[in-house]
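Colleague:
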Amino acid sequence: MENPPPPQQQHFLFVTTPMQGHINPTRRFAALVMASNPDARVTFCTAVSGHRRIFPSLASPDEEAVDAAGVLHAPYSDGFDDGFNPAVHGAGNYRARASAAGRETLSAVVTRLAARGRPVTCMVYTFLVPWVPDVARAHGVPAALFWIQPAAVFAVYYHYFHGHDAALAACANGLDPDATVALPGLPPLKPEALPSVVSITSPEHRHHVVLDMVRELFLSLDEHKPRVLVNTLDALEPDALRAVPQFEVDAVGPVVPPDDASTSSRADLLHCHDAKPYMEWLETRPARSVVYVSFGSILPVSRRQEEEMRKGLEATGRPYLWVARKAGAGGASADSSSAADGDGAQGMVVDWCDQVRVLSHPAVGCFVTHCGWNSTLESVTRGVPMVAVPQWTDQPTVAWLVDACMGAGVRARADGEGVVERGELQRCVEMVMGDGEAAAAIRAQSDCWREVTREAVVRGGTSERNLRAFALGTAGGDA
Numbered sequence: 005m006e007n008p009p010p011p012q013q014q015h016f017l018f019v020t021t022p023m024q025g026h027i028n029p030t031r032r033f034a035a036l037v038m039a040s041n042p043d044a045r046v047t048f049c050t051a052v053s054g055h056r057r058i059f060p061s062l063a064s065p066d067e068e069a070v071d072a073a074g075v076l077h078a079p080y081s082d083g084f085d086d087g088f089n090p091a092v093h094g095a096g097n098y099r100a101r102a103s104a105a106g107r108e109t110l111s112a113v114v115t116r117l118a119a120r121g122r123p124v125t126c127m128v129y130t131f132l133v134p135w136v137p138d139v140a141r142a143h144g145v146p147a148a149l150f151w152i153q154p155a156a157v158f159a160v161y162y163h164y165f166h167g168h169d170a171a172l173a174a175c176a177n178g179l180d181p182d183a184t185v186a187l188p189g190l191p192p193l194k195p196e197a198l199p200s201v202v203s204i205t206s207p208e209h210r211h212h213v214v215l216d217m218v219r220e221l222f223l224s225l226d227e228h229k230p231r232v233l234v235n236t237l238d239a240l241e242p243d244a245l246r247a248v249p250q251f252e253v254d255a256v257g258p259v260v261p262p263d264d265a266s267t268s269s270r271a272d273l274l275h276c277h278d279a280k281p282y283m284e285w286l287e288t289r290p291a292r293s294v295v296y297v298s299f300g301s302i303l304p305v306s307r308r309q310e311e312e313m314r315k316g317l318e319a320t321g322r323p324y325l326w327v328a329r330k331a332g333a334g335g336a337s338a339d340s341s342s343a344a345d346g347d348g349a350q351g352m353v354v355d356w357c358d359q360v361r362v363l364s365h366p367a368v369g370c371f372v373t374h375c376g377w378n379s380t381l382e383s384v385t386r387g388v389p390m391v392a393v394p395q396w397t398d399q400p401t402v403a404w405l406v407d408a409c410m411g412a413g414v415r416a417r418a419d420g421e422g423v424v425e426r427g428e429l430q431r432c433v434e435m436v437m438g439d440g441e442a443a444a445a446i447r448a449q450s451d452c453w454r455e456v457t458r459e460a461v462v463r464g465g466t467s468e469r470n471l472r473a474f475a476l477g478t479a480g481g482d483a
């Protein structure tokens, strides 16, 4: 009697769009999967334009490389190897070209890996590459979606595309701020808790392309029924994780860098910069005294918002570290002349920083944030209270989670133009950093969530068990 063949070695292929907010958590997740199953192979695949930012010194921009965690990086092409520029390429041209080129070149990557004796056994993808399951099916392997936004947003989007679009749009666009919408498995949601995409009703809307991309994803999900792995934890979103029973939805987060990770092992796509000036500046500040301000890497704030932010920060009388991106047209910019030197200066302005190092520093007592989910999880896991200033997509829902659900911060009120004025910013910072009972309660809740998130992963909580189960091969999904 012949012996059965040995089991096939697990080989996970992670695929994501070349955007920093997608690359960073997906690379971290890939490294975690490898750590959870040392016998598995892990390959990371993003478009050439993103790959060359991760490995800028390669002789060829599409050359394969291995990172410090031991993950192989093998890029695909989305047809825009020098990067996509809407002003040059046309905003409407990206999806079709990226999908066609991506399918062809990702399939070539899978074929090439198999020819080397490294056949892929599972593809893991993020939501802006919804064509990946088609490639997986063509090669006979299962696919899993890594959802890098809250589970509540996944549930809202699912219900939007399954019969609740009119109710969600009516609530989001209504004049009554106290109106609510009821969705299966979720608590009643007010307009301010809804992702901005569900308010779009006209094809002429400037963000209608985002709605189309989310629609394409959920059409693909209905067809392929992949397992959904969410960068969240059960303690934070117990209802939302079970609000879409049509899918196997598991928490595997928070997927964030550890406090003591070096730049070389963090698996982040970091800009080249000198951290010494702002880290030395933080060293001169008392514990929990600094207001840290950052609105992410995609959209610069308006000039009016920049002015209101500056005046509001100055009015608090507290030291601040402000990451102000260099502007595109009509936006604000980091002004190096306003970056203060010396121990007596109130604030320091930079155009980039290592956010995890900053949030891990004991001098930081408040994070004024746009509420991107990556930034929010980094703040929650460090126990830093937040002032939420959401802008678009999932950020309003994240702000609702921070304020109403976690109690780990306060949401700032914007005026009719979407600007948080200086007095409102000052009020919110004091609500988080002041001496009153409300501020003490927010800080206590933030400390509590820091411990809860550590329990989720470090001490073998549900997220850790889900991660290990996936890494060891129970991938599920459609083949």
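First residue of the sequence shown? That's 5 in the working numbering, and the numbers climb one at a time after it. In this text, a Cβ means the ideal position worked out from N, Cα and C, and glycines have one as well.
Going by the CB atoms, is the gap between Val202 and Leu172 shorter than 8 Å?
Modeller: Residue numbering aside, residue 172 sits at position 168 when the sequence shown is read from its first letter. Residue numbering aside, residue 202 sits at position 198 when the sequence shown is read from its first letter. It is a contact, given that the beta carbons lie within the stated cut-off.
Colleague: To the nearest angstrom, how far is the alpha carbon of Ser103 from that of Gly351?
Modeller: By one-based count along the sequence shown, residue 103 stands at place 99. By one-based count along the sequence shown, residue 351 stands at place 347. Going from the Cα of Ser103 to the Cα of Gly351 covers about 45 Å.
Colleague: Assuming Ala148 is part of the beta strand (DSSP E), what are its boundary residues?
Modeller: Here residue 148 corresponds to residue number 144 of the sequence shown, with the count starting at 1. Where Ala148 is concerned, the enclosing beta strand (DSSP E) stretches over 147–151.
Colleague: Taking Met390 as part of the beta strand (DSSP E), name the residues at either end of that continuous run.
Modeller: Taking the first residue of the sequence shown as 1, we reach residue 390 at position 386. Its beta strand (DSSP E) spans residues 390–392.
Colleague: Which of helix, strand or coil does DSSP assign to Ala333?
Modeller: If you number the sequence shown from 1, residue 333 lands on position 329. Its pLDDT being 36, under 50, Ala333 is placed unreliably in this model, and the value from its coordinates should be taken loosely. Here Ala333 sits in coil by DSSP.
Colleague: Got a sec? Which residues, its chain only, sit under 7 Å from Leu132 by beta carbon, not counting five neighbours each side?
Modeller: Against the sequence shown, residue 132 aligns to sequence position 128. Cβ neighbours of Leu132 beyond the five flanking positions: Thr21, His26, Met217.
Colleague: Three-state secondary structure (DSSP) at Ala72?
Modeller: Numbered from 1 along the sequence shown, position 68 holds the residue referred to as residue 72. Of the three classes helix, strand and coil, the one that applies to Ala72 here is coil, per DSSP.
Colleague: Give the single residue among Val253, Leu179, Arg56, Asp85 whose Cα lies nearest to the Cα of Gly420.
Modeller: Here residue 420 refers to the residue found at position 416 when the sequence shown is read from its first residue. Nearest C-alpha to Gly420: Leu179.
Colleague: Going along the chain, which residues of its own chain have a beta-carbon closer than 6 Å to the beta-carbon of Ser364, five neighbours each way excluded?
Modeller: What you label residue 364 is simply residue 360 of the sequence shown in a count that begins at 1. Closer than 6 Å at Cβ, skipping near neighbours: Asp263, Arg386.
Colleague: According to the neighbour-count rule (16 or more other Cβ atoms, all chains shown, within 10 Å of its Cβ), is Glu441 buried or exposed?
Modeller: Locating residue 441 in the sequence shown gives position 437, counting from the first residue. Counting Cβ neighbours within 10 Å, Glu441 comes out exposed, since fewer than 16 surround it.
Colleague: Quick check: Gly83 and Arg57, are their CB atoms within less than 8 Å of each other?
Modeller: Numbered from its first residue, the sequence shown carries residue 83 at position 79. Numbered from its first residue, the sequence shown carries residue 57 at position 53. Not closer than 8 Å, so no.
Colleague: Would you tell me roughly how many angstroms separate the C-alpha atoms of Gly54 and Met23, rounded to the nearest one?
Modeller: Within the sequence shown, the letter at position 50 stands for residue 54. Within the sequence shown, the letter at position 19 stands for residue 23. Their Cα atoms are separated by approximately 7 Å.
Colleague: Runs of 3 residues minimum, wholly inside the stretch 134–216: which ones carry the beta strand (DSSP E) assignment?
Modeller: Whole beta strand (DSSP E) segments, 3+ residues: 147–151.
Colleague: Do Phe150 and Val114 have their C-beta atoms closer together than 8 Å?
Modeller: Translated into the one-based positions of the sequence shown, residue 150 becomes position 146. Translated into the one-based positions of the sequence shown, residue 114 becomes position 110. Their beta carbons are not under 8 Å apart, which means Phe150 does not touch Val114 by this criterion.
Colleague: Residues in its own chain within less than 8 Å of Arg454 by CB, not counting five upstream and five downstream?
Modeller: In the sequence shown, counting from the first residue as 1, residue 454 sits at position 450. Same-chain partners within the cutoff: Val384, Thr385, Arg386, Gly387.
Colleague: Per DSSP, Ala255 is paired with what?
Modeller: On the sequence shown, position 251 is the one that residue 255 refers to. Paired residue(s): Val234.
Colleague: So for Met313, helix, strand or coil by DSSP?
Modeller: Here the question's residue 313 lines up with position 309 in the sequence shown. Met313: helix per DSSP, three-state reduction.
Colleague: Which value, in whole angstroms, describes the spacing of the CA atoms of Arg107 and His15?
Modeller: As a position in the sequence shown, residue 107 is number 103, starting the count at 1. As a position in the sequence shown, residue 15 is number 11, starting the count at 1. Approximately 19 Å between the Cα atoms of the pair.
Colleague: Have a look at Ala156, Pro191, Gly300, Pro90 and flag the residue whose alpha-carbon is nearest the alpha-carbon of Val234.
Modeller: Taking the sequence shown and counting its residues from 1, the one referred to as residue 234 is at position 230. Out of Ala156, Pro191, Gly300, Pro90, Ala156 has the C-alpha closest to the C-alpha of Val234.
Colleague: Smallest Cα separation from Leu471: which of Gly257, Asp238, Gln250, Trp135?
Modeller: To locate residue 471, count along the sequence shown from 1; it is residue 467. With distances taken between Cα atoms, Leu471 lies closest to Gly257.
Colleague: The beta strand (DSSP E) spanning Arg415 covers which residue range?
Modeller: For the purposes of this step, residue 415 is taken as the residue at position 411 of the sequence shown. Note, Arg415: beta strand (DSSP E), 413–415.
Colleague: Output needed for Thr205: all residues of its chain with C-beta closer than 8 Å, excluding positions within five of it in sequence on either side, in chain order.
Modeller: One-based indexing of the sequence shown puts residue 205 at position 201. Closer than 8 Å at the Cβ level, and outside the excluded window around Thr205, lie Ala173, Asn177.
Colleague: What residue from His93, Asp86, Val92, Arg45 has the CA that sits closest to Val70's CA?
Modeller: Residue mapping note: residue 70 aligns to position 66 of the sequence shown, counting from 1. Per the Cα distances, Arg45.
Colleague: Any idea what DSSP makes of Val248, helix, strand or coil?
Modeller: Position 244 of the sequence shown, counted from the start, is the residue given in the question as residue 248. Looking at Val248 - three-state DSSP - the assignment turns out to be coil, as it is neither helix nor strand.
Colleague: For His77, name the three-state secondary structure that DSSP assigns.
Modeller: Taking the first residue of the sequence shown as 1, we reach residue 77 at position 73. It is a strand residue.
Colleague: Who are the Cβ neighbours of Phe18 in its own chain at under 6 Å, not counting the five residues just before and after it?
Modeller: The residue labelled residue 18 in the question sits at position 14 within the sequence shown. For Phe18, where only same-chain residues beyond five positions count, the Cβ hits under 6 Å are Thr30, Ala34, Phe48, Val128.
Colleague: Does the Cβ of Glu312 have 16 or more other Cβ atoms within 10 Å, making it buried, or fewer, making it exposed?
Modeller: Within the sequence shown, the letter at position 308 stands for residue 312. Buried, since its Cβ has 16 or more Cβ neighbours within 10 Å.
Colleague: Looking at Val423 and Gln309, is the spacing between their C-beta atoms short of 8 Å?
Modeller: Your numbering for residue 309 matches position 305 in the sequence shown. Your numbering for residue 423 matches position 419 in the sequence shown. Yes; because the gap between Cβ atoms is below 8 Å, this pair is in contact.
Colleague: Beta carbon of Asp355, beta carbon of Arg314: below 8 Å?
Modeller: Along the sequence shown, read from residue 1 onward, the residue named residue 355 stands at position 351. Along the sequence shown, read from residue 1 onward, the residue named residue 314 stands at position 310. Against a cut-off of 8 Å, the Cβ pair of Arg314 and Asp355 comes out as no contact.
Colleague: Between which two residues does the alpha helix (DSSP H) harbouring Phe33 extend?
Modeller: Along the sequence shown, read from residue 1 onward, the residue named residue 33 stands at position 29. Unbroken alpha helix (DSSP H) run through Phe33: 24–40.
Colleague: Suppose you measure from the CA of Val37 to the CA of Val260; what does that come to, to the nearest Å?
Modeller: Counting from 1 along the sequence shown, the entry for residue 37 is found at position 33. Counting from 1 along the sequence shown, the entry for residue 260 is found at position 256. C-alpha separation (whole angstroms): 13 Å.
Colleague: If you drop the 5 nearest sequence neighbours on each side, which residues of the same chain put their C-beta closer than 6 Å to that of Leu76?
Modeller: As a working note, residue 76 is residue 72 in the sequence shown. Within the same chain, Leu76 has close Cβ partners Thr47, Val70.
Colleague: Give me the Cα-Cα distance between Gly477 and Tyr282, rounded to the nearest whole angstrom.
Modeller: Indexing the sequence shown from 1 puts residue 477 at position 473. Indexing the sequence shown from 1 puts residue 282 at position 278. Spanning the two alpha carbons is a distance of roughly 43 Å.
Colleague: Measuring only the C-alpha atoms, how far is Glu227 from Asp278?
Modeller: Walking along the sequence shown from the start, residue 227 turns up at place 223. Walking along the sequence shown from the start, residue 278 turns up at place 274. The alpha-carbon atoms of Glu227 and Asp278 are separated by roughly 47 Å.
Colleague: Run through DSSP, which three-state label would Gly427 get?
Modeller: Working through the sequence shown from its first residue, we reach residue 427 at position 423. Helix, per DSSP.
Colleague: Mind checking whether Tyr161 and Phe222 have CB atoms under 8 Å apart?
Modeller: Position 157 of the sequence shown holds residue 161. Position 218 of the sequence shown holds residue 222. It is a contact, given that the beta carbons lie within the stated cut-off.
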